[in-house]
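A.B. asks:
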Amino acid sequence: MFKELFKYILYLIMQYKANTPTEYLDSLEEDWRKEKVVELRKMITSTNSDIEESIEYKMLNYKLKGVSVFHLNAQKNYVSLYVGDICKIESGNELLAGLDTGKGCIRIKKSIEIDETKLDEFISNTIQMVESNKDISC
């Protein structure tokens, strides 16, 4: 138990010190959370070549036209993909059916196979809306 707690504390400390996306990814443990973060990151960045990746609020941030579109973060029990307001995204609730969501958060748990979801369509719709200057904020 102590070893697991120590590893988690180290994980939080490393995450906090990340100043770049590379540092953030390097600080993640080699486990399912890192795999899912990398998969989602690729999905986001491959959708639009103008997406800018940075660190904001101690997590990965993706901006388009200066607007934050997504934040991505590895938590203890899931990976979080944050977007302004899911209800504002075209077909947002339908595309995310079956996933654990909040108003602006999608929680990807270990058991979720990302390629079996419609997250790619959701990400694409969200980016298209930002490209069209539509409001997705909460």
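Take the sequence shown: its position 58, counting from 1, is numbered 146 in our numbering, and each next residue is one higher. Even for Gly, the Cβ is constructed at its ideal location relative to N, Cα and C. It should be emphasised that the depicted structure is a prediction, and the values quoted were computed from it without experimental measurement.
Where do the N-terminal and C-terminal ends of the alpha helix (DSSP H) with residue 169 fall, by residue?
C.D. replies: Counting along the chain, residue 169 falls outside any alpha helix (DSSP H), though it belongs to the beta strand (DSSP E) covering 167-170.
A.B. asks: Determine the DSSP secondary structure at residue 184, reduced to helix, strand or coil.
C.D. replies: Note: residue 184 maps to coil in three-state DSSP.
A.B. asks: When the Cβ atoms of the stretch 208-222 are set against those of the stretch 165-178, are three or more pairs found closer than 8 Å?
C.D. replies: Judged by Cβ distances under 8 Å, the stretch 208-222 makes contact with the stretch 165-178, as three or more pairs qualify.
A.B. asks: Should residue 128 and residue 147 be called a contact, given that it needs their Cβ atoms to be closer than 8 Å?
C.D. replies: It is not a contact, given that the beta carbons lie outside the stated cut-off.
A.B. asks: If you draw a straight line from the alpha carbon of residue 193 to that of residue 175, how long is it in whole angstroms?
C.D. replies: Going from the Cα of residue 193 to the Cα of residue 175 covers about 11 Å.
A.B. asks: Tell me the DSSP bridge mates of residue 141?
C.D. replies: Paired residues: 150.
A.B. asks: Please classify residue 136: does DSSP put it in a helix, a strand, or coil?
C.D. replies: Coil.
A.B. asks: Is residue 207 helix, strand or coil when you go by DSSP?
C.D. replies: Three-state DSSP puts residue 207 in a helix.
A.B. asks: Is it true that the CB of residue 198 sits closer than 8 Å to the CB of residue 188?
C.D. replies: For residue 188 and residue 198, no; Cβs fall outside 8 Å.
A.B. asks: Just tell me which of 117, 151, 223 and 220 has its CA closest to the CA of residue 167.
C.D. replies: That would be 117, whose Cα lies nearest to the Cα of residue 167.
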